[in-house]
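Counting from 37, one number per residue, gives the positions in the sequence shown under the working numbering. C-beta atoms are modelled at their ideal positions from N, C-alpha and C, and glycine is treated no differently. Below is one structure, written out as structure tokens; comments come after it.
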Amino acid sequence: MDPQSIFCHNSDCCASGRVGAGNIGIHSRKDRRYICHECNTTFTETKGTAFYRLRTPRDTVVIVVTLLAYGCPMQAIVAAFGFDERTIVHWQERAGKQGERVHEHLVGQPRDLGQVQGDEIRVKKQGGIVWMAMALQVQTRLWLGGVLSVHRDGQLITALIQKVRACALCRPLLFCVDGCQTYVGAIQRVFREPLRTGKRGRPRLRPWDNIYIAQVVKQYARKRVVAVKRRVVQGSSAQINALLQQTQRGGQINTSYIERLNATFRSRMAALVRRGRALARQTETLHYAMYLMGSVYNFCTYHKSLRVPVYLPGNRRRWISRTPAVAAGLTDHLWTVEELLSFRVPLPPWKPTKRRGRPSNVTKELTAR
Ligand SMILES: [Zn+2]
């Protein structure tokens, strides 16, 4: 047990979310509980992780979640382990929530994205269909998040673009998307910033510079692609070619990276397999399954095309494997699924509740600490 890496989870405590401040001590080694000396509350080691208050041994939960993240049908797990189906659905939900928290904390940070590809897939669920829109950074193959909606409309696309914006720095950024017209408006609407002048009223919104949009429109006849049209919607061909050169070593405008990722999702999410029988009942279940799979893809699986050669003396060469998260510089090693599930996402620092009037001396002292 290491109190130095633990923080207090009590939102009313002035040391909440602070790591290494010396306020955490060991309360009980037998029960594996910590104590916060600032607010005098005790909490278990698994607080803030996906294992919190689970009665099944940790190893078993990790195995079941790993199987789920690689597309093992729920019925197979029920038959093999003898758990109730609802238990497994519950674990998947927990693991998905944890994946989403880790994703938002580590992936949802501004970075130079270079090229982003977005696409939607049609998912059959019980009693209808839903659309799953996802985005990917081409250079690192990092999955940037996804959204689900019953309709393939502006709302879905805007929500996806907002996910991308959360990860973007104001640097040259190329979007390669399909022919869906809503993308253009959504990108132009979301990538704007208020221009504050100090005058009264709502500030004017100024679009970001260096946002380029290219579309790949496929024409189908009898469910087969017969022609591919590439069009530049925003920016010049020269600028787009420079970004393509930088992010994928040249080549044409394409959406093949995100389409490859869609194929991975289809094979690793039992509910997404075409003509499969393991359909999801709730959109919520699909959301958690998507975040579980996405975070396992980002953090826990090596991507073959991301490996880099290391040249050793004597003309020898060794390959170093990387996960998308390593390639993006979010971590330095391959995570195990257990590591993903037990990662403690830091809490936002404590802020005193707003009160009218002059702050009391106690509040002043707590905020200063
Ligand atoms: Zn505390």
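Item	Value
Closest residue to F335 among W179, L383, A307, V344 (Cα-Cα distance)	W179
3 or more residues per run - each beta strand (DSSP E) lying fully within the region 70-119	77-80
CB of R147 within 9 Å of CB of L210, strictly	no
For R266, the residue or residues it bridges with in DSSP	V252
Contiguous alpha helix (DSSP H) assignments of at least 4 residues, all confined to the region 359-394	360-363, 373-377
Contact set for G144: own chain, Cβ-Cβ below 7 Å, skip 5 residues either direction	A202, C203
Exposure label - N59; buried when at least 16 CB within 10 Å	buried
Residue closest to L322, alpha-carbon to alpha-carbon, out of W355, Q288, A131, Q284	A131
Inter-residue spacing [alpha-carbon to alpha-carbon] between V344 and A361	14 Å
Heavy atom of ligand 2 within 8 Å of C108 beta-carbon	The model depicted lacks ligand 2 and carries ligand 1 instead.
Ranges of the beta strand (DSSP E) found wholly within the region 128-197, counting only runs of at least 3	150-161, 164-173, 178-185
S52 (DSSP reduced to helix, strand or coil)	strand
S41 CB to nearest heavy atom of ligand 1 below 8 Å	no
C212 beta carbon less than 9 Å from that of Q281	no
C-beta atoms of L377 and A51 nearer than 9 Å	no
Beta strand (DSSP E) segment containing Y347, residue limits	344-348
Beta-bridge partners of C212, as assigned by DSSP	Q153, A250
Exercise answer, beta-carbon shell around ligand 1 heavy atoms below 7 Å	C44, N46, C49, A51, S52, N59, C72, E74, C75, T77
Residues near V268 by beta carbon distance below 7 Å, same chain, minus five either side	A250, I276
Cβ neighbours of R94 in the same chain (closer than 8 Å, five flanking residues each side left out)	F87, E374
7 Å Cβ shell around A263 - same chain, five flanking residues per side excluded	Q255
Exposure label - D38; buried when at least 16 CB within 10 Å	exposed
Option in V186, E320, M168 with minimal Cα separation from N298	M168
Whole-angstrom distance between N397 and I99, CA atom to CA atom	52 Å
Alpha-carbon to alpha-carbon, E129 and I113	16 Å
Integer Cβ distance of G53 from L366, believed to fall under 8 Å	No, G53 and L366 are not in contact; Cβ-Cβ is about 20 Å, not under 8 Å.
First and last residue of the uninterrupted beta strand (DSSP E) at S64	60-64
Distance between beta carbons of R313 and R302, contact taken as under 8 Å	Going by Cβ atoms, the distance from R302 to R313 rounds to 15 Å, so no, they are not a contact pair.
Q40 at chain C interface by Cβ criterion, 9 Å	No chain C is present in this structure, which holds just one protein chain.
Reduced DSSP category for L280 - H, G, I as helix; E, B as strand; rest coil	helix
Outcome for E229 when other beta-carbon atoms lying within 10 angstroms are tallied against a minimum of 16	exposed
Spatial distance of V261 from F379 (CA atoms)	44 Å
Which of helix, strand or coil DSSP assigns to I356	strand
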